[in-house]
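Listed in order, the protein sequences are those of chains R and Y. For reference, each letter of the first sequence is one residue, going 1 to 421 in full-length UniProt numbering. For reference, each letter of the second sequence is one residue, going 1 to 421 in full-length UniProt numbering. Where a beta carbon is used, it is the ideal one built from N, C-alpha and C, also for glycine.
Number of protein chains: 2
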Amino acid sequence: MLERRTPIPVGEAVKRIMNHEWSGQTENVSIQESFGRYLSEDLRATSDVPHFDRAPYDGFAVRTIDTKDASQTNPVEFEVIDHIGAGMVTAKTVSAFQAVRIMTGAQMPEECDAVVMLELAKAFEKDGKNYMSIKRAYKPGDNVSFKGEDAREGDVLIKKGTKINPGIQAILATFGYAQVPVAKRPIVGLYATGTELLDVHDALEPGKIRNSNSYMIAAQIERAGADVHYFGQLPDEFETCYEAVKSALGKVDMLITTGGVSVGDFDYLPAIYEKMKAEVLFNKVAMRPGSVTTVAQFEGKLLFGLSGNPSACYVGFELFTRPIIRRMLFAEKPHLRKEKAILDVDFLKANPFTRFVRSAVTVSDGKLIASPSGLDKSNIVMSLAGANSLMILPGGTRGYEAGSEVEVLLLEDFDGSEWPW
Amino acid sequence: MLERRTPIPVGEAVKRIMNHEWSGQTENVSIQESFGRYLSEDLRATSDVPHFDRAPYDGFAVRTIDTKDASQTNPVEFEVIDHIGAGMVTAKTVSAFQAVRIMTGAQMPEECDAVVMLELAKAFEKDGKNYMSIKRAYKPGDNVSFKGEDAREGDVLIKKGTKINPGIQAILATFGYAQVPVAKRPIVGLYATGTELLDVHDALEPGKIRNSNSYMIAAQIERAGADVHYFGQLPDEFETCYEAVKSALGKVDMLITTGGVSVGDFDYLPAIYEKMKAEVLFNKVAMRPGSVTTVAQFEGKLLFGLSGNPSACYVGFELFTRPIIRRMLFAEKPHLRKEKAILDVDFLKANPFTRFVRSAVTVSDGKLIASPSGLDKSNIVMSLAGANSLMILPGGTRGYEAGSEVEVLLLEDFDGSEWPW
């Protein structure tokens with residue numbers, strides 16, 4: 001008996017998922033562990049930067065009042081009374097026509113208001129003392145980095161939800177964040193279903209294939225910023241699957257199953273959701289691949305029933321699971337980043353449904369160019385390896401010609417898009 | 001006394017580093033640990049895919065010879081003698097006008113050469129037996145995925161040096177790679193030098209700043225694909241630094257120091273290289289920031305003397321250290337990926353040297369757009385946080401106007417560029 005399902009548009013499916021209340025949790029990790037994590041609070045400056053007036057160049061700190069008569073024809077001499085490197089503070093007081101030899105990054109002597117760059121001063125000795133002379137006048141502030149010039153205490157420097165990159169690591173260290181508040185990585189449970197599945201360690205058998213979806217989805221979960229809890233493989237047996245799914249859900253933030261959502265005679269997930277009394281948000285989406293993707297909600301947790309077909313599984317995760325994970329990481333833009341690109345080859349297959357074609361986006365002369373990354377057969381895992389994007393080809397046309405403008409969703413990106421796309 | 005150094009072009013500096021013999025090592029890790037690592041061998045298909053003829057759809061497996069007279073006006077009936085799901089193999093022999101109910105992914109019965117899609121067959125019962133009828137003829141191969149259709153045993157599927165993404169994880173599992181040959185992560189030693197440096201845990205003191213470079217570079221090392229061995233901070237004292245550098249070098253594949261390479265009076269790295277009798281490859285590069293970047297070689301290992309200035313340090317790492325790390329990860333294109341972009345704002349500062357401006361590249365209407373990510377003062381770490389690229393602005397002009405075409409180096413990219421750029 002063929003079950004009848006009503007397909008809904010992709011946008012509607014995403015909306016039904018994102019309508020649910022989901023928010024992330026925060027934890028503190030050491031700065032060393034924070035690289036690649038997501039900030040769970042706005043990052044604020046804990047002090048001015050610089051927190052003292054400092055020399056941005058090697059040279060001589062002077063009082064500009066003493067320089068006012070200096071010119072090419074009238075060099076002015078200064079006694080050099082101290083010599084300080086970065087991290088040092090002079091203990092001396094700088095009086096009229098005195099200077100301090102100062103290195104990049106060192107704190108300005110209190111009386112000084114400019115730095116003469118080393119190349120513009122002539123150093124010499126006289127009577128066993130150090131001197132230098134200059135041939136131009138300076139204005140207060142010349143070659144000085146002032147306290148608070150780069151940032152003011154209390155400023156919001158980086159927004160919550162941002163992925164911590166090397167530059168942000170530098171900022172965290174500058175402001176003394178030995179501990180960093182980051183989003184807890186959501187725990188995503190994973191079960192593969194299918195009597196046909198062998199383990200990666202197993203030799204091939206007639207009619208059976210090795211389970212590839214679990215490893216793929218585990219990597220997608222990690223790429224999205226969450227941790228995977230892999231429960232293993234399940235045979236296509238109703239009771240076994242029912243018990244396993246119900247018990248797994250208690251241990252994770254959300255649960256993914258692969259396989260068993262189609263209308264085949266051994267596809268038990270729909271019946272399992274029914275027996276659990278889970279609320280099915282949708283069980284058919286007007287898209288290819290992945291039309292049978294089924295998402296349900298049970299006691300505040302989401303169950304993602306992804307297709308057992310590798311490409312459909314991949315696309316289903318990226319469109320429907322990833323944004324929930326990113327929202328739990330406090331992302332303002334949890335969806336795959338969407339951009340425009342030029343289609344590089346003819347793609348003349350007609351299709352009534354929106355297609356998400358695994359694609360390689362490259363840049364040529366500053367413009368994004370997209371090509372399908374393999375044959376567009378949804379059972380070909382090879383095309384997933386070269387994919388850095390999904391090309392969106394809306395349905396209802398006779399296909400697309402090379403040179404057409406298309407939309408692409410970027411997979412290896414951390415900026416994301418808002419919704420609706 | 002001002003030391004005189006002769007600046008060399010960036011391209012020449014990169015060449016001097018890459019001329020050295022460097023190659024990576026290989027190790028085996030479990031498939032679970034291999035995500036994000038770099039393949040150290042070409043990845044080959046260990047079997048055909050599929051490794052048996054299979055049904056790509058739910059339906060009925062038939063012998064096409066029995067279908068040849070079927071038409072709208074002449075339905076042909078088949079007895080359904082078995083019912084198999086994915087992973088099952090029928091034990092029965094299919095004779096004339098018999099069929100097998102077959103699920104997506106299941107192995108074709110030996111005698112059958114086509115699949116009738118479920119929607120196109122009419123199932124019924126007669127005399128307690130299962131039947132179905134069809135109204136059209138089928139050709140051999142209709143709706144069958146043939147053995148070896150997706151990949152042939154022995155095919156090279158993925159090239160050595162490729163970063164393992166979720167799609168490659170699926171391929172590894174499909175072909176039974178429970179253990180995966182990957183490049184060993186090079187170990188990069190790191191010392192921060194500078195009497196002005198406080199630890200991230202320390203309260204601020206007059207004239208001193210917290211060490212931010214170490215955390216930043218550690219993250220850059222990790223982003224590049226290597227492991228960091230952080231040795232700590234060193235004061236600006238010649239003997240201490242000399243002993244520390246020499247002893248650290250024995251424990252790592254290459255060593256980075258930050259600070260101490262300028263011509264300031266407390267910059268000891270040049271003298272340390274001299275005392276070690278290290279071969280200095282260059283000590284001045286015609287670029288901003290990072291002109292004082294110094295690279296030396298000692299007993300087959302590279303010493304990267306990066307500037308203590310955060311931006312110069314950052315740029316020096318990406319231009320000079322990253323490609324060596326990537327080469328040790330077997331990358332064919334170890335350099336930062338270079339693309340063209342449109343400058344979004346005026347950048348009118350003149351400069352005799354090539355500038356590498358920390359930039360944010362975005363995409364607008366399918367075109368790359370680049371803007372400086374902060375004030376272009378080389379001591380401002382804030383601009384590093386928003387940088388996903390370095391804009392190359394060749395020297396010798398009066399600046400660049402909005403709308404100009406510029407070249408950008410992408411920082412968050414794994415494809416890379418060959419050399420010369």
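Distance cutoff 7 Å, beta carbons only. Does residue i sit that close to anything in chain Y?
{"i": "R:Lys-340", "result": "yes"}
{"i": "R:Arg-37", "result": "no"}
{"i": "R:Asp-376", "result": "At R:Asp-376 the pLDDT is 47, less than 50, meaning the model places this residue with poor confidence and gives no usable figure here."}
{"i": "R:Lys-251", "result": "no"}
{"i": "R:Ile-325", "result": "no"}
{"i": "R:Thr-174", "result": "yes"}
{"i": "R:Lys-208", "result": "yes"}
{"i": "R:Val-406", "result": "no"}
{"i": "R:Ser-359", "result": "no"}
{"i": "R:Gln-107", "result": "yes"}
{"i": "R:Ser-247", "result": "no"}
{"i": "R:Ser-417", "result": "no"}
Counting only beta-carbon separations shorter than 7 Å, does residue i have a partner in chain R?
{"i": "Y:Ile-158", "result": "yes"}
{"i": "residue 423 of chain Y", "result": "Any question about residue 423 of chain Y goes unanswered here, given that chain Y covers just 1 to 421."}
{"i": "Y:Met-216", "result": "yes"}
{"i": "Y:Ala-219", "result": "yes"}
{"i": "Y:Leu-204", "result": "yes"}
{"i": "Y:Ala-178", "result": "yes"}
Under 7 Å Cβ to Cβ from residue i, same chain only, skipping five residues before and after it: list those, please.
{"i": "R:Lys-246", "result": "Met-276"}
{"i": "Y:Gly-11", "result": "Pro-420"}
{"i": "Y:Tyr-242", "result": "Ile-272, Lys-275"}
{"i": "Y:Gly-374", "result": "Arg-358, Ile-380, Met-382, Ser-383, Gly-386"}
{"i": "Y:Arg-288", "result": "Asn-351, Phe-353, Arg-355"}
{"i": "Y:Ser-371", "result": "Asp-344, Val-345, Ser-359, Ala-360"}
If we call anything under 7 Å between Cβ atoms a contact, is residue i one with residue j?
{"i": "Y:Ser-389", "j": "Y:Ser-359", "result": "yes"}
{"i": "Y:Gly-316", "j": "Y:Val-261", "result": "no"}
{"i": "Y:Pro-186", "j": "Y:Ile-17", "result": "no"}
{"i": "R:Ile-369", "j": "R:Asp-346", "result": "no"}
{"i": "R:Tyr-131", "j": "R:Ile-31", "result": "no"}
{"i": "Y:Val-285", "j": "Y:Ser-307", "result": "no"}
{"i": "Y:Ala-55", "j": "Y:Ala-151", "result": "no"}
{"i": "Y:Ala-170", "j": "R:Pro-166", "result": "no"}
{"i": "Y:Ala-61", "j": "Y:Met-108", "result": "yes"}
{"i": "Y:Glu-111", "j": "Y:Arg-63", "result": "yes"}
{"i": "R:Lys-349", "j": "R:Gly-399", "result": "yes"}
List, in order along the chain, the chain R residues whose C-beta lies closer than 7 Å to that of residue i?
{"i": "Y:Phe-320", "result": "Within 7 Å Cβ-Cβ: nothing; Y:Phe-320 doesn't reach chain R, min ~15 Å."}
{"i": "Y:Thr-258", "result": "Residues of chain R passing the Cβ test: none, with the nearest at roughly 11 Å."}
Show which residues of chain Y have a CB atom less than 9 Å away from the CB atom of residue i.
{"i": "R:Ser-262", "result": "Asp-58, Met-103, Thr-104"}
{"i": "R:Lys-135", "result": "Going along chain Y, no residue has its Cβ under 9 Å from R:Lys-135, so there is no contact; the nearest lies around 17 Å."}
Taking 8 Å as the limit between beta carbons, can you name the residues of its chain near residue i, skipping five residues before and five after?
{"i": "Y:Asn-379", "result": "Low local confidence applies: a pLDDT of 44 at Y:Asn-379 is under 50, so the model's placement there is unreliable, and no value is given."}
{"i": "R:Tyr-57", "result": "Thr-104, Val-115, Met-117, Leu-118, Asn-143"}
{"i": "R:Ser-214", "result": "Leu-190, Ala-192, Tyr-230, Gln-233, Thr-258"}
{"i": "Y:Val-188", "result": "Ile-221, Ala-226, Asp-227, Val-228, His-229, Val-252, Asp-253, Met-254, Leu-255, Ile-256, Thr-321, Ile-325"}
Would you mind telling me which residues of chain Y sit closer than 7 Å to residue i, beta carbon to beta carbon, in chain order?
{"i": "R:Lys-367", "result": "Gly-366, Lys-367"}
{"i": "R:Asn-19", "result": "In chain order: nothing, as chain Y lies at least about 27 Å away."}
{"i": "R:Ile-168", "result": "Ala-385"}
{"i": "R:Pro-310", "result": "Ala-170"}
{"i": "R:Ala-151", "result": "Met-382"}
Check the Cβ of residue i against every Cβ in chain R and list those closer than 8 Å, keeping chain order.
{"i": "Y:Met-287", "result": "The premise fails here: Y:Met-287 is roughly 18 Å from chain R at the closest Cβ pair, so nothing lies under 8 Å."}
Skipping 5 residues on each side, what residues in its chain have a beta carbon closer than 6 Å to that of residue i?
{"i": "R:Ile-81", "result": "Lys-92, Gln-98"}
{"i": "Y:Asp-142", "result": "Ala-114"}
{"i": "Y:Ser-47", "result": "Glu-153"}
{"i": "R:Asp-376", "result": "Any reading at R:Asp-376 must be qualified, since the residue scores a pLDDT of 47, below 50, and its modelled position is unreliable; the value itself is stated next. If we look at R:Asp-376 and ignore the five residues flanking it on each side, its Cβ neighbours are Val-357."}
{"i": "R:Met-1", "result": "The pLDDT assigned to R:Met-1 is 39, lower than 50, so where the model puts this residue is not dependable, and the model offers no usable value."}
{"i": "R:Pro-181", "result": "Thr-26, Asn-28, Ser-40, Glu-41"}
So which residues on chain R does residue i lean against when the C-beta distance must stay under 9 Å?
{"i": "Y:Asp-265", "result": "Asp-58, His-83, Gly-85, Arg-101, Met-103"}
For residue i, which residues in chain Y fall below 8 Å Cβ to Cβ?
{"i": "R:Gln-233", "result": "Within 8 Å Cβ-Cβ: nothing; R:Gln-233 doesn't reach chain Y, min ~11 Å."}
{"i": "R:Thr-195", "result": "Gly-85, Ala-86, Gly-87, Met-88"}
{"i": "R:Pro-186", "result": "What R:Pro-186 touches in chain Y: nothing, since even the nearest Cβ is about 17 Å away."}
For the ligand COA, any of its heavy atoms closer than 6 Å to the Cβ of residue i?
{"i": "R:Lys-139", "result": "In the structure on display, the ligand COA does not appear, and there are no ligands present to speak of."}
Self-check item: Complete beta strand (DSSP E) runs within the stretch 332-394 of chain Y (minimum length 3 residues, chain order)
Solution: Whole beta strand (DSSP E) segments, 3+ residues: 337-343, 354-364, 367-372, 389-393.
Practice problem: Jot down the residue ranges of each uninterrupted beta strand (DSSP E) in the UniProt domain "MoaB/Mog" (189-327) of chain R, minimum 3 residues, whole runs only, in chain order. | Solution: 227-234, 254-258, 279-282, 294-298, 301-306
Quiz prompt | Completely contained beta strand (DSSP E) runs for the stretch 30-100 of chain Y, where each covers 3 or more residues | solution = 59-62, 76-84
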